[in-house]
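Protein chains: 2
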Amino acid sequence: MLAYSDTRPAPAARAASFADRISVARLSPISTFTAEAEIYAQGEKSGAFYQIEYGAVRIFRLLADGRRQVIAFHLAGETFGFEPEDNHHFFAETLVPTALRTFTQPRHDAVPANMMKAALQAMIKAQQHLLVIGRQNAGERIAAFLMDMLNRQGEHDQVELPMSRQDMADYLGLTIETVSRVLSRFRAQGVIRLHNSRSVELLKLDTLRRLATS
Amino acid sequence: MLAYSDTRPAPAARAASFADRISVARLSPISTFTAEAEIYAQGEKSGAFYQIEYGAVRIFRLLADGRRQVIAFHLAGETFGFEPEDNHHFFAETLVPTALRTFTQPRHDAVPANMMKAALQAMIKAQQHLLVIGRQNAGERIAAFLMDMLNRQGEHDQVELPMSRQDMADYLGLTIETVSRVLSRFRAQGVIRLHNSRSVELLKLDTLRRLATS
DNA sequence: CGACGATTTGAACAAGCTCAAGTGTCGTGG
DNA sequence: CCACGACACTTGAGCTTGTTCAAATCGTCG
Numbered sequence: 016m017l018a019y020s021d022t023r024p025a026p027a028a029r030a031a032s033f034a035d036r037i038s039v040a041r042l043s044p045i046s047t048f049t050a051e052a053e054i055y056a057q058g059e060k061s062g063a064f065y066q067i068e069y070g071a072v073r074i075f076r077l078l079a080d081g082r083r084q085v086i087a088f089h090l091a092g093e094t095f096g097f098e099p100e101d102n103h104h105f106f107a108e109t110l111v112p113t114a115l116r117t118f119t120q121p122r123h124d125a126v127p128a129n130m131m132k133a134a135l136q137a138m139i140k141a142q143q144h145l146l147v148i149g150r151q152n153a154g155e156r157i158a159a160f161l162m163d164m165l166n167r168q169g170e171h172d173q174v175e176l177p178m179s180r181q182d183m184a185d186y187l188g189l190t191i192e193t194v195s196r197v198l199s200r201f202r203a204q205g206v207i208r209l210h211n212s213r214s215v216e217l218l219k220l221d222t223l224r225r226l227a228t229s
Numbered sequence: 016m017l018a019y020s021d022t023r024p025a026p027a028a029r030a031a032s033f034a035d036r037i038s039v040a041r042l043s044p045i046s047t048f049t050a051e052a053e054i055y056a057q058g059e060k061s062g063a064f065y066q067i068e069y070g071a072v073r074i075f076r077l078l079a080d081g082r083r084q085v086i087a088f089h090l091a092g093e094t095f096g097f098e099p100e101d102n103h104h105f106f107a108e109t110l111v112p113t114a115l116r117t118f119t120q121p122r123h124d125a126v127p128a129n130m131m132k133a134a135l136q137a138m139i140k141a142q143q144h145l146l147v148i149g150r151q152n153a154g155e156r157i158a159a160f161l162m163d164m165l166n167r168q169g170e171h172d173q174v175e176l177p178m179s180r181q182d183m184a185d186y187l188g189l190t191i192e193t194v195s196r197v198l199s200r201f202r203a204q205g206v207i208r209l210h211n212s213r214s215v216e217l218l219k220l221d222t223l224r225r226l227a228t229s
């Protein structure tokens, strides 16, 4: 079993916050997935969205020649799967064993305000990520990624990575080798400590924060 | 006056489609801006969103050292300015003389479905752009950009660019020199023809399409 | 005509990629 | 309990793409 699943119980408080305000919450079924399982595929019929009870998910897109861009990672408590059309524009797969609560999208003319807000936050997040990928160098991208993961995990200086180096590389628009080299450099500089390849301790938070927002 | 404004009347049909379905449409005031004018700034109070009557707009973000990422360009008929919080996350500026219709966001619990759809489409667009910037090379990025502009302008093979090379570079995560070199290469290969630096004729659409989606 | 800003072109450089080999870790089976 | 194999990750060396810095050209406007 991956270190991630062992050390990180689902943050129940955060997980509940969204469902509480959705009237159909108690009707929503929960499905469980093994690690590396497909949740939906690009082009597939959409119509539902999902909240993660526990586990982690990657949303990504492929080019014809196999190049892959990971659009987002989602952790326990977060929601994903909103689509403007009837079909999914991306693939969604689990990283680790994962349970999802499925919500069916209202077919009415109006949409709950908190759903709108969740969608808009996903949009802002994607747009912020554009800056990282478009204008920051490898070190800055990794720093931004680590700070983002830290903020979402609520620990003081400990980050558990549910994804592989390849996933990180495909999220940050880098190669697996560059990701590895930057992490090694950070370790050599005393900026981080790697307990194992999926567990990072952030030793110099101010350095990382300065890099991330350069 | 820029060639863009001279040659491109506002596409009235498309411009009307959104406003028609918004009940407050007839109450919405219109404001006009000169070229290169600020519409709103990052951190500024938000609460309204905008539809372009005529003209064009860039949405962007800055790093401390001046690096800039253009998140999106918006043309006549399109909407922008949705925010999940009370403050703008980005800057919005006009590229050319522009008129905007301002809509005040409903403060209710529910949001019109078509507003949700517009927001989700902006999200998908940003996420698609991540793939371009994260995983495509300079030629592919320019090709994708030209095809996108073509699709939004409705012409058969003619694209008018309301933005400078610097804007294009900051949108595509490249430098101004690389943008210029790729365009020159495309011209040398007979893929495009440059009437002037802001007006492009697409001669080999299939080549561009293949590059863009490679 | 002349000047300014935008764009293009050239040459050298560097960040990150590719290809290749090495190291570590974990699960399985003897 | 230890050996083995598979796979993920790390490290190294050379190369490519796109950047940087610099200069030339173009277009527009007074």
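Sequence order for the protein chains is Y and S. Numbering (the numbering used here) for the first sequence: 16 to 229. Numbering (the numbering used here) for the second sequence: 16 to 229. Here a beta-carbon is modelled for each residue, glycine too, at the ideal position from N, C-alpha and C. In this text, all values refer to a predicted model and were calculated from it rather than measured experimentally.
Arg82 of chain Y sits in coil when the DSSP states are folded into three classes, being neither helix nor strand. Residue nearest to Leu146 of chain S within the set S:Gly205, S:Asp221 and S:Ser229 is S:Ser229 (criterion: CA-CA distance).
In the structure shown, Arg213 of chain S adopts coil according to DSSP, grouped into three states. Across the structure, Asp185 of chain S and Thr47 of chain Y are spaced so that their CA atoms are roughly 42 angstroms apart. Bridge partners of Pro127 of chain S according to DSSP: Y:Ala125. For Met138 of chain Y against Ala87 of chain S, the beta-carbon gap comes to about 10 angstroms, at or over 8 angstroms, which does not count as contact. Within the same chain, and ignoring the five residues on either side of Pro44 of chain Y in sequence, the residues whose Cβ sits closer than 8 angstroms to its Cβ are Arg116 and Thr117. Between Gly92 of chain S and Tyr65 of chain S, the CB-CB gap reaches or exceeds 7 angstroms.
Put simply, the CB of Met138 of chain Y is near chain S, with a gap under 7 angstroms to one of its CB atoms. Rounded to the nearest angstrom, the Cβ distance from Thr119 of chain S to Ala63 of chain S is 5 angstroms, consistent with a contact under 8 angstroms. Here DSSP, grouped into helix, strand and coil, assigns Val72 of chain Y to strand. Per DSSP, the continuous beta strand (DSSP E) segment holding Ala107 of chain S begins and ends at Phe106 to Thr109.
Three or more beta-carbon pairs separated by less than 8 angstroms are not found between the region 155–171 of chain S and the region 151–169 of chain Y, which leaves the two stretches without contact. In the structure shown, the three-state DSSP call for Val174 of chain S is strand. For Gln66 of chain Y, the beta-bridge partners assigned by DSSP are Y:Thr94 and Y:Arg116.
At a C-beta separation below 8 angstroms, Asp221 of chain S has no neighbours in chain Y, since its nearest C-beta there lies roughly 15 angstroms away.
Along the region 80–102 of chain Y, the positions whose C-beta sits under 9 angstroms from a C-beta of chain S are Asp80, Arg82, Arg83, Gln84, Val85, Ile86, Ala87, Phe97, Glu98, Pro99 and Glu100, read in chain order. Taking Arg167 of chain Y as the centre and dropping the five residues before and after it, the same chain places the C-beta of Leu90 closer than 6 angstroms to its C-beta, in chain order. Against chain S, a Cβ distance below 8 angstroms from Lys132 of chain Y picks out Pro99. Neighbours of Gly149 of chain Y in chain S, taken as residues whose beta carbon is under 7 angstroms from its own, are Gln84, Ile148 and Gly188 in chain order. For Leu161 of chain S, the secondary structure class from DSSP, reduced to helix, strand or coil, is helix. Asp172 of chain Y and Gln151 of chain S have their C-alpha atoms roughly 34 angstroms apart.
With its beta carbon at least 7 angstroms from every one in chain Y, His171 of chain S lies outside the interface. Residues of chain Y with a Cβ closer than 7 angstroms to the Cβ of Asp182 of chain S do not exist, since the nearest Cβ in that chain sits about 13 angstroms away. Separation of the CB atoms of Val111 of chain Y and Gly169 of chain Y is rounded to 18 angstroms, and the pair is thereby denied contact status at 8 angstroms. Between Leu218 of chain S and Arg225 of chain S, the CB-CB gap reaches or exceeds 7 angstroms. Between Asp182 of chain Y and Arg73 of chain Y, the C-beta gap is smaller than 7 angstroms, which places the two residues in contact.
Between Val126 of chain S and chain Y, the shortest Cβ-Cβ separation is below 7 angstroms. Here the alpha carbon of Ala50 of chain S sits roughly 7 angstroms from the alpha carbon of Thr113 of chain S.
Excluding five sequence positions before and after Gly58 of chain S, the CB atoms of its chain that fall closer than 7 angstroms to its own CB belong to Asn102 and His103, given in chain order.
For Ala159 of chain S, no chain Y residue has a Cβ inside 9 angstroms of its Cβ, as the nearest lies near 11 angstroms away. Between Pro99 of chain Y and Gln136 of chain S, the C-beta gap is smaller than 7 angstroms, which places the two residues in contact. Chain-ordered, the chain Y residues with CB closer than 7 angstroms to the CB of His144 of chain S read Leu145. DSSP places Glu59 of chain S outside both helix and strand once states are collapsed to three, so it counts as coil.
Within the same chain, and ignoring the five residues on either side of Arg200 of chain S in sequence, the residues whose Cβ sits closer than 8 angstroms to its Cβ are Gly154. With a cutoff of 7 angstroms on beta-carbon distance, Gly149 of chain S and Ile148 of chain Y are scored as near each other.
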